[in-house]
Amino acid sequence: MDVKCAFLYGDIDEEIYVCQPPGFDDPDFPSKVYKLDKSLYGLHQAPCIWYETLTQYLLSKGFSRGTIDMTLFKKEVNGELLIVQVYVDDIIFGSTNEGQCREFEKVMMDRFEMTIMGEMCFFLGLQVEQKPDGILIHQEKYIKEILTKFGMDDSSPELIPFTAQTCLTSDDNGNPVDAHWYRSMIGSLMYLTASRPDITFAVCYCARFQANPKESHEKAVKRIFRYLKGSSRLGLGYPKGGNFDLHAFSDSDHAGCRINRKSVTGGCQYLGECLVSWQSKKQTTVSLSTGEA
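Reminder that position 201 of the sequence shown reads as 201 in full-length UniProt numbering, one-by-one numbering, no gaps.
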């Protein structure tokens with residue numbers, strides 16, 4: 001659902017004055033200013049005021065706020081769970097009971113002017129396919145857009161983003177490429193890692209050379225794009241049901257970076273059968289014991 005004119009619902013608890021809008025000047029008092037009673041779009045305080053307004057309203061309706069993700073709210077009634085996620089003026093919600101969803105819609109429309117968007121199928125660049133046996137989250141549309149943007153839509157697909165033998169260095173003697181174009185490619189791929197853990201390591205590896213990219217680095221990035229061309233519908237699957245046991249896995253190479261001999265650690269965390277977080281990170285420091293080993 002979407003909140004119409006969300007920022008206008010917030011009450012300001014401090015004195016803020018604004019100039020008269022162009023074309024709406026008071027001819028009798030052209031030099032005077034307005035004192036705001038409500039927040040306005042463009043006001044620095046507006047997002048925070050809107051969030052506090054919404055938070056207080058949800059808390060008054062029996063919701064509890066997440067301790068880590070402060071934009072996540074939940075409410076449990078008779079063993080049925082309702083979860084609400086807020087992104088500025090866009091709100092997504094789901095429940096184990098459809099009746100709770102209808103009730104939540106009514107609660108929100110009693111206080112705010114809302115647009116009900118129906119079953120979620122697209123949110124912040126993520127495509128959501130809801131099926132009887134679970135949910136699939138992917139970014140096929142976004143992948144096609146960036147392939148076209150960087151002229152890779154007619155390229156030949158690859159089976160893997162990196163080979164085991166791939167080893168990038170600073171390549172000081174290599175031919176330089178457009179750094180702005182290279183960083184734009186990396187930035188586009190970074191957004192994809194929200195639903196594609198399979199490219200996280202490869203993208204982070206190539207991102208190390210954004211300051212002074214060479215042809216060898218650009219070639220590695222283009223391979224990632226070709227891999228995406230052949231796997232555009234690959235995404236995260238979340239099966240229906242299952243347990244909520246938390247399992248974590250991690251591994252690291254030993255002094256794998258050819259430039260400074262730092263190790264790279266990768267990890268992933270599962271909630272039941274569902275992958276919920278993943279990371280690939282090069283260590284920031286090298287301990288003495290590791291160096292001596």
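Note that the Cβ used here is the ideal one computed from N, Cα and C, for glycine as well.
Query, Result
"Leaving out the 5 sequence neighbours to the left and right, which residues in its chain are closer than 6 Å to isoleucine 10 when beta-carbon positions are compared?", "For the sequence presented, residue 10 should be read as glycine rather than isoleucine. So the qualifying residues of the chain are Ser39, Ile49, Trp50, Thr53."
"Just to confirm the assignment: which complete beta strand (DSSP E) runs, minimum length 3, are found wholly within the region 186 to 268?", "236 to 239, 246 to 252"
"So, is tyrosine 182 buried or exposed, given that buried needs 16 or more other C-beta atoms within 10 angstroms?", "buried"
"Curious, which full-length beta strand (DSSP E) runs of at least 3 residues does the region 95 to 157 contain?", "126 to 131, 134 to 138"
"Around the Cβ of proline 30, are there at least 16 other Cβ atoms within 10 angstroms (buried) or fewer (exposed)?", "exposed"
"Residues in the same chain with beta-carbon distance under 8 Å from phenylalanine 33, minus the five sequence neighbours each way, listed in chain order, please.", "Per the sequence presented here, residue 33 reads as valine, with phenylalanine not at that position. Closer than 8 Å at Cβ, skipping near neighbours: Tyr17, Val18, Cys19, Gln20."
"Per DSSP, which residues does glutamine 85 bridge with? Please list them.", "Leu72, Ile92"
"By DSSP's criteria, glutamine 279 is part of a beta bridge. Which residues make up the other side?", "Gly267"
"Write down the C-beta distance between lysine 75 and glycine 66 rounded to the nearest angstrom, noting that I regard them as a contact closer than 8 Å.", "Not confirmed; about 12 Å, so no contact."
"Residue ranges of each beta strand (DSSP E) run of no fewer than 3 residues wholly in the region 2 to 86, ordered along the chain?", "72 to 77"
"Do you know whose CA, among Ile12, Val128, Met1, lies nearest tyrosine 87's CA?", "Met1"
"What is the rounded straight-line gap between the Cα of methionine 120 and the Cα of alanine 255?", "44 Å"
"Could you give the distance in angstroms between the alpha-carbon of residue 317 and the alpha-carbon of aspartate 13?", "Only positions 1 to 293 of the chain appear in the structure, and residue 317 is not among them; the question remains open."
"Report the CB separation of glycine 235 from aspartate 251 in whole angstroms; it is logged as a contact under 8 Å.", "About 23 Å separates the two Cβ atoms, so there is no contact after all."
"Short check: CB of serine 64 to CB of glutamate 80, under 8 Å?", "no"
"When you compare only the Cα positions, how much space is there between arginine 196 and aspartate 37?", "45 Å"
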